[in-house]
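There are 2 protein chains.
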Amino acid sequence: MSGSVSYRFSQRLSHVPASFLGELFRVSSQPDVISFAGGLPDANRFDVEGIRSASEEVFAQEGKTALQYSTTDGYLPLRTYIASRYRSRLGLNADPEDIQIVNGSQQCLDLVAKILVDPGDHVLIERPGYLGAIEAFSYYEPVFDPVQALDGLIGPDPDSVRGLVTDNSPVLWYGIPNSQNPSGMTWSPGIRREIADILDGTDTLLYEDDAFGELFFDGRPREPVKKSLPHQTIMTGSFSKTISPGLRCGWIWAPHPVIEEFNRAKQAADLHSNLLSQMILTRYLETTDIDRRIWETARVYEERCHLMEEIIDDRFPAGTHRTSPEGGMFLMVTLPSGIDSMDVFRQGVSNGVAVMPGSPFYIDRGGGNTIRLNFSTVDLNLITEGMERLSQVIKSLK
Amino acid sequence: MSGSVSYRFSQRLSHVPASFLGELFRVSSQPDVISFAGGLPDANRFDVEGIRSASEEVFAQEGKTALQYSTTDGYLPLRTYIASRYRSRLGLNADPEDIQIVNGSQQCLDLVAKILVDPGDHVLIERPGYLGAIEAFSYYEPVFDPVQALDGLIGPDPDSVRGLVTDNSPVLWYGIPNSQNPSGMTWSPGIRREIADILDGTDTLLYEDDAFGELFFDGRPREPVKKSLPHQTIMTGSFSKTISPGLRCGWIWAPHPVIEEFNRAKQAADLHSNLLSQMILTRYLETTDIDRRIWETARVYEERCHLMEEIIDDRFPAGTHRTSPEGGMFLMVTLPSGIDSMDVFRQGVSNGVAVMPGSPFYIDRGGGNTIRLNFSTVDLNLITEGMERLSQVIKSLK
């Protein structure tokens, strides 16, 4: 019996925070719960027919190739598409050789930490920071240095970044400048320039996670920090929020010495990403007006976000604060002090509404009265109903 | 310019052997080279039409689900299929809850080492050992203990295993009992029982990599070591050799405490595997006589293996030895002493034939006169032509 077997696990597991995401996913899947807890794009926005049609062409024309082993770096026409989109959308000069395909951009978090982070190395991360990054990095046992946001939520505090870079010589500074998860905050152009200036010439690399850069409500791209700091910036992107997460197609674009080590690590980790999906996606991108579709999706999310903001402003108790996302899928609420967001989570589930408590995003255990709300998954009617339930729960806890 | 930027990489990279696989893949792709160097299944055996048809049904019936985020453990109907196949083929009582889907079984190597191996921990591995395992494990800085095969090539030497387990208390003993890569060796039933007895009650886990167990030429399954050592054995499998590697669908079946930590690590590494492919594969498996197709593939490979063996026996110089695979995709040749297999590789490529030098499979730097030959990729005519070229190269080096 397994009870008599002693399993020896690696010491590194003691550095990994207990995960909340599995429980969240289960809760989010209950049919009677309106969930603002997850981070799913709206499946009604998936172009099932367009992707099916692309799939049909791949099978008809290159079936054997699609089903065979492939190279670690990824399908070249897809990497070429990504490079040319960086050029056309953002004026960035990307070489397809410096872009690699991964299983969703989450895999970049794991592999970048694997090639860069030794136990005890310092890693800067926003406060609150993306939970998927905290979990992925933790296996490599860094010391996290949280970077507070500036008042007004226009980006991380440059003075704080400057001090931490000077004092701790971090190997990495991980941030999400566009519509951050969880806060919804977008870095201002001025903050971007300051961060680039601070890092320039140090041996700290910037990890610019751009999962949401295509989903600004105004459709206007923001200039990446990488433009000012090309040789020190690792940039990652994803088709999960714009086209489909089930295909698990993300990418990394990094300076060549970093990409070379990343490639070796990716080969050892899983040889290469699913080729069929890379080929379907490429065919789909080549034959679809993707800009129009993404813009429509962003408008749908904007409407939902604004409705949620209105209800918070109208119905939540005095002393509530919230962020004002310019895009993406999340906003963050700070509840009046004294309200514990874990109580909101538990009471919420009992009352048919799920939220994500904010504290797991705070590596220094703050944020106990914050919650993250997702506005991309459910429609306006369910937002109205769910937010009503939520406001009742919060009032009952006050 | 990037020349002026100093990149700080993790110390762990110094433990990773320089990879030969990228160069091999490039060489294997040259159209004028007949390659026995790679490890590709024959693409002509892929059931493109069957998989296309399964894909069509998934898009028609569950398109939105297939394109959305999913759970880390993998698509339950696929895990249920794998469990029931363990029962029907091997008489093993597998619980779908203890099975997880990965991006090809290579990913298991990375994540198992991640949850089990601390720097300096001992890991037993066959000599020669699977290169993909050596590369994946190396990132976690183990001390490898090579296990010599018994004379007669009926499995690893039990006395050697006993001594290493007692002296070094390895955290893991990694082996491929069925048609090993690179040697083609299959462990005998007696050796399997001895290995299970030696490990039983120790805190060493067996990692039983079963990539080739369905591809025995006689179609007869061999009893896994896991049957005798259920609570100490991690078993992995793959659809890459039997159906399609491009779909990147493999799995791990492990004792529950191990699966729980594996799941956390998989979530941090890439959230979950490609869902579309998991659903296509499940639909395909449910509607196809898979046993017949796999059996036909094994017979094709058998014919190729036997032709290769004949040519080696007839045309290679005296003092050549080879293994006698019972299945799988590889055989191994020991050339007369004095012939360096790196010379065979280089001269071979110049003469239109590629082989895999054996030395990268030897973690103690032996095997300098061995080569691995793949017999699954090319047809009988090309085997005849390529082996003729190879015998000329070897004779010229003698």
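These protein sequence lines map, in sequence, to chains A and B.
Note that the working numbering has the first sequence beginning at 1, numbered continuously upward.
Note that the working numbering has the second sequence beginning at 399, numbered continuously upward.
Where a beta carbon is used, it is the ideal one built from N, C-alpha and C, also for glycine.
Only a predicted model underlies this, so the values are computations on that prediction, with no experimental measurement involved.
Item to check | Nearest-angstrom Cβ-Cβ length linking Gly472 (chain B) and Ile499 (chain B), presumed shorter than 8 angstroms | outcome: 3 angstroms
Checklist entry - Going along the region 650-669 of chain B in order, which residues come within less than 9 angstroms of chain A, judged by CB to CB distance? => result Pro653, His654, Pro655, Val656, Glu659, Asn661, Arg662, Ala663, Gln665, Ala666, Ala667, Asp668, Leu669
Checklist entry - In terms of alpha-carbon separation, which member of B:Arg690, B:Met583, B:Pro540, B:Val751 lies closest to Ile781 (chain B)? => result B:Val751
Checklist entry - If you draw a straight line from the alpha carbon of Ser53 (chain A) to that of Leu276 (chain A), how long is it in whole angstroms? => result 13 angstroms
Checklist entry - Do Asp209 (chain A) and Ile252 (chain A) come within 8 angstroms of each other at the CB atom, strictly closer than that value? => result no
Checklist entry - When the Cα of Ser138 (chain A) is compared with those of A:Asp218, A:Leu13, A:Phe375, which residue comes out closest? => result A:Leu13
Item to check | Proximal residues of chain A, C-beta to C-beta of Leu679 (chain B) below 7 angstroms | outcome: In chain order: nothing, as chain A lies at least about 10 angstroms away.
Checklist entry - In whole angstroms, what is the alpha-carbon distance linking Leu627 (chain B) and Ala594 (chain B)? => result 6 angstroms
Next on the checklist: Runs of 4 residues minimum, wholly inside the region 461-546 of chain B: which ones carry the alpha helix (DSSP H) assignment?
Outcome noted: 474-488, 504-514, 529-536
Item to check | Same chain, Cβ closer than 7 angstroms to Thr282 (chain A), neighbours up to 5 away in sequence not counted | outcome: Tyr75, Pro77, Leu78, Tyr81
Checklist entry - Between which two residues does the alpha helix (DSSP H) carrying Gly163 (chain A) extend? => result 158-168
Next on the checklist: Residues in the same chain with beta-carbon distance under 8 angstroms from Val515 (chain B), minus the five sequence neighbours each way, listed in chain order, please.
Outcome noted: Val521, Phe535, Tyr538, Glu539, Pro540, Val569, Leu570
Checklist entry - What number of angstroms, rounded off, separates the C-alpha of Met1 (chain A) from the C-alpha of Arg591 (chain B)? => result Bear in mind that a pLDDT of 42 at Met1 (chain A), under 50, signals an unreliable position, so the number given afterwards is only what the model happens to contain. Using only the alpha carbons, I get a separation of about 18 angstroms.
Checklist entry - Would Gly736 (chain B) be called buried (16 or more neighbouring beta carbons within 10 Å of its own) or exposed? => result exposed
Checklist entry - Which value, in whole angstroms, describes the spacing of the CA atoms of Ser55 (chain A) and Leu465 (chain B)? => result 13 angstroms
Next on the checklist: Given a cut-off of 8 angstroms on the beta-carbon distance, is the pair Arg322 (chain A) and Val333 (chain A) in contact?
Outcome noted: yes
Checklist entry - Using 8 angstroms as the limit for Cβ to Cβ distance, is Gln359 (chain B) near chain A? => result Lying outside 399 to 796, the shown extent of chain B, residue 359 (chain B) is not represented and no answer is given.
Next on the checklist: List, in chain order, every chain B residue whose beta-carbon is nearer than 9 angstroms to that of Asp210 (chain A).
Outcome noted: Residues of chain B passing the Cβ test: none, with the nearest at roughly 17 angstroms.
Next on the checklist: Given this structure, state the Cα-to-Cα distance separating Leu551 (chain B) from Leu285 (chain A), to the nearest angstrom.
Outcome noted: 52 angstroms
Next on the checklist: Contact defined as beta carbons within less than 8 angstroms: I believe Gln630 (chain B) pairs with Asp270 (chain A). What is the distance between those atoms, to the nearest angstrom?
Outcome noted: Going by Cβ atoms, the distance from Gln630 (chain B) to Asp270 (chain A) rounds to 25 angstroms, so no, they are not a contact pair.
Item to check | Span of the beta strand (DSSP E) around Thr631 (chain B) | outcome: 631-636
Checklist entry - Quick one: what does DSSP say Trp585 (chain B) is sitting in, helix, strand or coil? => result coil
Checklist entry - Quick one: Cα of Asn576 (chain B) to Cα of Gly725 (chain B), how far? => result 8 angstroms
Item to check | Glu135 (chain A): contacting residues in chain B (beta-carbon distance under 9 angstroms) | outcome: Arg662, Gln665, Ala666
Item to check | Residue closest to Ser70 (chain A), alpha-carbon to alpha-carbon, out of B:Ser638, B:Val446, B:Ser757 | outcome: B:Ser638
Next on the checklist: Within 10 Å of its beta-carbon, does His256 (chain A) have 16 or more other beta-carbons around it, so buried, or fewer, so exposed?
Outcome noted: exposed
Item to check | Those runs of the alpha helix (DSSP H) which lie wholly inside the region 259-301 of chain A and span at least 4 residues | outcome: 275-287
Checklist entry - Given 8 angstroms as the limit, is there contact between the region 211-228 of chain A and the region 386-396 of chain A, that is, 3 or more CB pairs closer than that? => result no
Next on the checklist: I'd like to confirm the pairing. Which residues does DSSP put opposite Ile650 (chain B) in its beta bridges?
Outcome noted: B:Gln498, B:Thr634
Item to check | Range of the contiguous alpha helix (DSSP H) that encloses Asp42 (chain A) | outcome: No alpha helix (DSSP H) holds Asp42 (chain A); DSSP gives it neither H nor E.
Next on the checklist: In whole angstroms, give me the CA-to-CA distance for Asp151 (chain A) and His413 (chain B).
Outcome noted: 45 angstroms
Next on the checklist: Check for me: the alpha helix (DSSP H) holding Gly386 (chain A) runs from which residue to which?
Outcome noted: 380-397
Checklist entry - Using the beta-carbon of each residue, which ones in chain A are nearer than 8 angstroms to Ala441 (chain B)? => result Lys64, Thr65, Leu67, Gln68
Item to check | DSSP three-state assignment for Glu606 (chain B), whether helix, strand or coil | outcome: strand
Next on the checklist: I'd like the list of long-range same chain contacts for Ala94 (chain A), defined as Cβ closer than 6 angstroms, with 5 residues on each side in sequence excluded.
Outcome noted: Ala83, Tyr86, Trp253
Item to check | Test: Ser2 (chain A) CB closer than 8 angstroms to a CB of chain B | outcome: For Ser2 (chain A), the predicted structure reports a pLDDT of 46, less than 50, and the residue's modelled location is therefore unreliable. The matter cannot be settled from this model.
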